[in-house]
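What follows is a short report on a single structure.
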Amino acid sequence: MSVIAPKFRLGYLIKGITDNIFWIIVLMTLIGIPVVQIVLIYIDFPVIDGEIWNPFRVFDAMTHPERALPLVKNFMQTDLFKIVAFPGFGFAALIAAAVIFVERKMLAKLQLRVGPFYCGKVEGILQLMGDGLKLISKEIIIPAKADKPIFWAVPVLFAATAGAFVALIPVAPGWVVADIDLGLLAVFAVIGFFPIITVLAGWSSNSKFPFIGGIRALYQMVSFEIPLILSLLGIVMLTGTLNLSEIVESQVNFPWIIFMPIGAIVFFICILAELERIPFDLPEAESEIVAGWLTELSGMMYGLVQLGSYLKLYAFAGLFVVLFLGGWNGPWVFPIEPIAEVITDGIVIMPDALVIKDIPGLPLFAGEMINGTIWFVLKTAAVIFFILLPRGVFPRVRIDLLLKIGWYKLIVLAFVNIFIALALVYSGIIGPGGIM
Amino acid sequence: MVDALFLGIAVLTIVSAIAALEMRSLIYGGLALMGTLGGIAGFFILLDSPFVALFQIAVYVGSIAVLILFVIMLVKSELIFQKKEDPKRRYAGIALMLILMICLGAVIFNSGLSSITTEEPPVDYKEIGEDFLIYYWPALIAMALVLAGSITGALILARRQDAVEDEQRTD
Numbered sequence: 000m001s002v003i004a005p006k007f008r009l010g011y012l013i014k015g016i017t018d019n020i021f022w023i024i025v026l027m028t029l030i031g032i033p034v035v036q037i038v039l040i041y042i043d044f045p046v047i048d049g050e051i052w053n054p055f056r057v058f059d060a061m062t063h064p065e066r067a068l069p070l071v072k073n074f075m076q077t078d079l080f081k082i083v084a085f086p087g088f089g090f091a092a093l094i095a096a097a098v099i100f101v102e103r104k105m106l107a108k109l110q111l112r113v114g115p116f117y118c119g120k121v122e123g124i125l126q127l128m129g130d131g132l133k134l135i136s137k138e139i140i141i142p143a144k145a146d147k148p149i150f151w152a153v154p155v156l157f158a159a160t161a162g163a164f165v166a167l168i169p170v171a172p173g174w175v176v177a178d179i180d181l182g183l184l185a186v187f188a189v190i191g192f193f194p195i196i197t198v199l200a201g202w203s204s205n206s207k208f209p210f211i212g213g214i215r216a217l218y219q220m221v222s223f224e225i226p227l228i229l230s231l232l233g234i235v236m237l238t239g240t241l242n243l244s245e246i247v248e249s250q251v252n253f254p255w256i257i258f259m260p261i262g263a264i265v266f267f268i269c270i271l272a273e274l275e276r277i278p279f280d281l282p283e284a285e286s287e288i289v290a291g292w293l294t295e296l297s298g299m300m301y302g303l304v305q306l307g308s309y310l311k312l313y314a315f316a317g318l319f320v321v322l323f324l325g326g327w328n329g330p331w332v333f334p335i336e337p338i339a340e341v342i343t344d345g346i347v348i349m350p351d352a353l354v355i356k357d358i359p360g361l362p363l364f365a366g367e368m369i370n371g372t373i374w375f376v377l378k379t380a381a382v383i384f385f386i387l388l389p390r391g392v393f394p395r396v397r398i399d400l401l402l403k404i405g406w407y408k409l410i411v412l413a414f415v416n417i418f419i420a421l422a423l424v425y426s427g428i429i430g431p432g433g434i435m
Numbered sequence: 000m001v002d003a004l005f006l007g008i009a010v011l012t013i014v015s016a017i018a019a020l021e022m023r024s025l026i027y028g029g030l031a032l033m034g035t036l037g038g039i040a041g042f043f044i045l046l047d048s049p050f051v052a053l054f055q056i057a058v059y060v061g062s063i064a065v066l067i068l069f070v071i072m073l074v075k076s077e078l079i080f081q082k083k084e085d086p087k088r089r090y091a092g093i094a095l096m097l098i099l100m101i102c103l104g105a106v107i108f109n110s111g112l113s114s115i116t117t118e119e120p121p122v123d124y125k126e127i128g129e130d131f132l133i134y135y136w137p138a139l140i141a142m143a144l145v146l147a148g149s150i151t152g153a154l155i156l157a158r159r160q161d162a163v164e165d166e167q168r169t170d
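Order-wise, the sequence lines are chains A and R.
So that you can map any letter, position 21 of the first sequence is 20 in numbering that gives the first Met the number 0, and since no number is skipped, the others follow by simple counting.
So that you can map any letter, position 106 of the second sequence is 105 in numbering that gives the first Met the number 0, and since no number is skipped, the others follow by simple counting.
Written as structure tokens, this is what we have:
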């Protein structure tokens, strides 16, 4: 184990921290507090219920659960919260980060290696943080003859498109960022942007390997989009809707994978190809063309593309769960049904007899939402595991074999799936008049 | 709100269409073309037909523009396009476009189209699909046959002549 910082001494670190704290305190007392006092003189405070609301009273109210909890609950219903935190970016980025770490560790175990080990003492659990800090602190190098506007725009566009994809995935009943009637079509429209971005990344860096990788990515993604779309048409025929939330609600009794295993298999293979994962990782083939279309990206630009590609992985796995595995539907596991006395009398949580049932805004989450989220995350984790698994097992396929699989085999299988769906509808088993 | 959106999308569409024609760099021209097609998708959304808008994005921006970019990148542009800097042509083109726009505008304004007001809800795409399958099925089948014929023709045209080399390839 090499020494990372040879001149490091704990005493210097503590001295630096205490120095900083000292100067912060001095500056706050000399400048910060007088400025705040002067500002407070000139502000007219609102009068609510006959009381003047100064900042101290506001802080008091915010720390009091009776007033803070409704505020928090109200904030959780806003679009901002949905986009930034729960079903949107924050949730997906958390899962993506977990996936990056689990992938490295799992591949290492599959290949009888150790994997990330030293960062954070326990099984390298802080490795991801270390990688992130390294990427942020690195210099962004742009090739001399690169097309600068496009080159700068590519990582941002990639992460933004992946975020748009994430926004369409329903996680729990009512918890989806963009609940539109044509959700599945919107998914197809968003997927269509990825090949453009990758080929632009390859072209704009003005280098051989990225260009080859970009062209390969374009071939691969465009040819696998067709079986991907066709394999989902069967579900649209059976459910009669394109809204992803309604598709999930239609699977209360059984997931669609029971009736359409062929479609699920075709869709899964297409996911692997769209995500450029082994065995279809030709655009990034590290033993042939360095890193494919990512070769010239450095520093946080590379970090953004990685974040985008793992967000995309989460979104595809979530789409598989939503369409084939029943989304948030599952047996009731959490929270356990409350006892009747708790509902009527509440729980005393403070010496002053502050009772839970008196506090507006509790419970913070509906039980359905927690239960649905648990099932969705479990199923998504299972699908992500199966997406990661081939990387430890399979070699890379040749490009002509890849295209042959896509055009000759998967499209035919997708049509077989469509005919199965048609047979189910016309025989009256499922659909209007059937058991649905 | 809708007016501001309409104006914004209209400006985006027209400016990127002009840019698609005038850009020296073919790649940027292709990107500007994508902007134009995306702007047209925005018009469809304003017209309460998101189905058409999403297909516009999926097909035109996602596939046609990709094909155009692909062709631009694979082919050396100097071999196809010879630059002809002729100001007369440009002015003639602008004049022709203006005349065309004025004629079309006159026709549209005189047709009484601008005075139509309707309170009916937007047509559901499901109804359009049912109409296609019930009343207009001959047209649908004719369309399918034409498309199948054109695909077959394209396959025949694109067939490789060097069959010997084809046999030597191993799968």
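For every residue, glycine included, the Cβ atom is placed at its ideal position computed from N, Cα and C.
Within-8 Å CB hit, residue i to chain R
{"i": "residue 0 of chain A", "result": "With a pLDDT of 48 at residue 0 of chain A, under the threshold of 50, the predicted position of this residue should be treated as unreliable, and no value is reported."}
{"i": "residue 195 of chain A", "result": "yes"}
{"i": "residue 307 of chain A", "result": "no"}
Rounded distance between the beta-carbons of residue j and residue i, thought under 8 Å
{"i": "residue 420 of chain A", "j": "residue 182 of chain A", "result": "That belief does not hold up - the Cβ atoms of residue 420 of chain A and residue 182 of chain A are roughly 19 Å apart, past 8 Å."}
{"i": "residue 74 of chain A", "j": "residue 165 of chain A", "result": "The pair is not a contact, with the Cβ atoms about 21 Å apart (cut-off 8 Å)."}
{"i": "residue 266 of chain A", "j": "residue 230 of chain A", "result": "4 Å"}
{"i": "residue 379 of chain A", "j": "residue 320 of chain A", "result": "5 Å"}
{"i": "residue 32 of chain R", "j": "residue 64 of chain R", "result": "6 Å"}
{"i": "residue 292 of chain A", "j": "residue 212 of chain A", "result": "4 Å"}
{"i": "residue 191 of chain A", "j": "residue 56 of chain R", "result": "7 Å"}
{"i": "residue 409 of chain A", "j": "residue 268 of chain A", "result": "6 Å"}
Pairwise C-alpha distance: residue j and residue i
{"i": "residue 0 of chain A", "j": "residue 126 of chain A", "result": "Only weak support exists for where residue 0 of chain A lies, its pLDDT of 48 falling under 50; the value from the coordinates is given anyway. Computed Cα separation, rounded: 15 Å."}
{"i": "residue 193 of chain A", "j": "residue 160 of chain A", "result": "8 Å"}
{"i": "residue 153 of chain A", "j": "residue 199 of chain A", "result": "7 Å"}
{"i": "residue 314 of chain A", "j": "residue 42 of chain A", "result": "47 Å"}
{"i": "residue 113 of chain A", "j": "residue 307 of chain A", "result": "27 Å"}
{"i": "residue 196 of chain A", "j": "residue 123 of chain R", "result": "33 Å"}
{"i": "residue 189 of chain A", "j": "residue 41 of chain R", "result": "15 Å"}
{"i": "residue 317 of chain A", "j": "residue 326 of chain A", "result": "8 Å"}
{"i": "residue 12 of chain A", "j": "residue 21 of chain A", "result": "14 Å"}
{"i": "residue 406 of chain A", "j": "residue 218 of chain A", "result": "11 Å"}
{"i": "residue 106 of chain A", "j": "residue 123 of chain A", "result": "14 Å"}
{"i": "residue 94 of chain R", "j": "residue 18 of chain R", "result": "18 Å"}
{"i": "residue 104 of chain A", "j": "residue 111 of chain A", "result": "10 Å"}
{"i": "residue 89 of chain R", "j": "residue 96 of chain R", "result": "11 Å"}
{"i": "residue 72 of chain R", "j": "residue 202 of chain A", "result": "8 Å"}
{"i": "residue 38 of chain A", "j": "residue 85 of chain A", "result": "36 Å"}
{"i": "residue 70 of chain A", "j": "residue 76 of chain A", "result": "10 Å"}
{"i": "residue 147 of chain A", "j": "residue 93 of chain A", "result": "31 Å"}
{"i": "residue 129 of chain A", "j": "residue 45 of chain R", "result": "47 Å"}
{"i": "residue 273 of chain A", "j": "residue 305 of chain A", "result": "15 Å"}
{"i": "residue 155 of chain R", "j": "residue 424 of chain A", "result": "36 Å"}
Per DSSP, the bridge partner or partners of residue i
{"i": "residue 171 of chain A", "result": "A/174"}
{"i": "residue 46 of chain A", "result": "A/51"}
Residue-level contact to chain A via CB, residue i, 8 Å cutoff
{"i": "residue 60 of chain R", "result": "yes"}
{"i": "residue 139 of chain R", "result": "no"}
{"i": "residue 8 of chain R", "result": "no"}
{"i": "residue 19 of chain R", "result": "no"}
{"i": "residue 131 of chain R", "result": "no"}
{"i": "residue 56 of chain R", "result": "yes"}
{"i": "residue 69 of chain R", "result": "yes"}
{"i": "residue 74 of chain R", "result": "no"}
{"i": "residue 64 of chain R", "result": "yes"}
{"i": "residue 150 of chain R", "result": "no"}
{"i": "residue 13 of chain R", "result": "no"}
{"i": "residue 26 of chain R", "result": "yes"}
Q.
Give me the subset of the region 33-53 of chain R whose CB atoms are less than 7 Å from a CB atom of chain A, sorted by chain position.
A. Cβ contacts with chain A: 49, 50, 53.
Q.
Which residues of the region 175-188 of chain A have a Cβ closer than 9 Å to any Cβ of chain R? Give them in chain order.
A. Correct list: 179, 180, 181, 184, 185, 187, 188.
Q) Of all the residues that make up the region 189-221 of chain A, which are near chain R by a beta-carbon distance shorter than 7 Å? A) The region 189-221 of chain A vs chain R, Cβ under 7 Å: 191, 192, 194, 195, 198, 202, 217, 221.
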